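Report on one structure; see the data block that follows.
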Amino acid sequence: MEFQTIPILRIFDEDKAKEFYLDFLGMQLDWEHRFEAGMPIYMQVSNGEFVLHLSEHSGDCTPGSKIFVRVKHFEKWFEAINARPYKYNRPTIEMASWGDRTFTVTDPFSNRLLFNETKEM
Numbered sequence: 001m002e003f004q005t006i007p008i009l010r011i012f013d014e015d016k017a018k019e020f021y022l023d024f025l026g027m028q029l030d031w032e033h034r035f036e037a038g039m040p041i042y043m044q045v046s047n048g049e050f051v052l053h054l055s056e057h058s059g060d061c062t063p064g065s066k067i068f069v070r071v072k073h074f075e076k077w078f079e080a081i082n083a084r085p086y087k088y089n090r091p092t093i094e095m096a097s098w099g100d101r102t103f104t105v106t107d108p109f110s111n112r113l114l115f116n117e118t119k120e121m
């Protein structure tokens, strides 16, 4: 059996979400869905195997969530993010209490993404 977990993160503004996830994090927009014009958007963004669902629907999830993302080529990912102009986030690498290097970014909706480089990767 194979599994893939795809977190759903609550967003409130499509343009701000795209600025953060596409422009700052460098993800791509895979698809988007609305039941009809003027309704909330639900979309998928990805960068390789890193896949997220972003939803404006109030019942889908809670704003202010935190997700833990293991990253291969951690340093390269960190440098790519910091090279992009985004005035609301300037992450720094920290040493976690469990001994791994991490950095955290917070989206415009208070969702936190903790990126982790583990010794096993």
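Numbering-wise, the sequence shown is residues 1 to 121 according to full-length UniProt numbering. Don't be surprised by glycine CBs; every beta carbon is placed ideally from N, CA and C. These numbers come from a predicted model, not from an experiment.
| query | result |
| --- | --- |
| Under 8 angstroms: do the segment 73 to 81 and the segment 29 to 42 share three or more Cβ pairs, one atom per stretch? | no |
| Excluding five sequence neighbours on each side, which residues of the same chain lie with their C-beta closer than 6 angstroms to the C-beta of residue 94? | 102 |
| Here's a check: name, in chain order, each residue in its chain whose Cβ is nearer than 8 angstroms to the Cβ of residue 82, leaving out the five neighbours to either side. | 90 and 91 |
| Could you say which of 36, 85, 119 and 109 lies nearest to residue 54 if we only look at CA atoms? | 109 |
| Name the residue from 1, 14, 6 and 104 whose alpha carbon lies nearest to the alpha carbon of residue 57. | 14 |
| Applying the 10 Å Cβ sphere with the 16-neighbour rule, what's the burial state of residue 37? | exposed |
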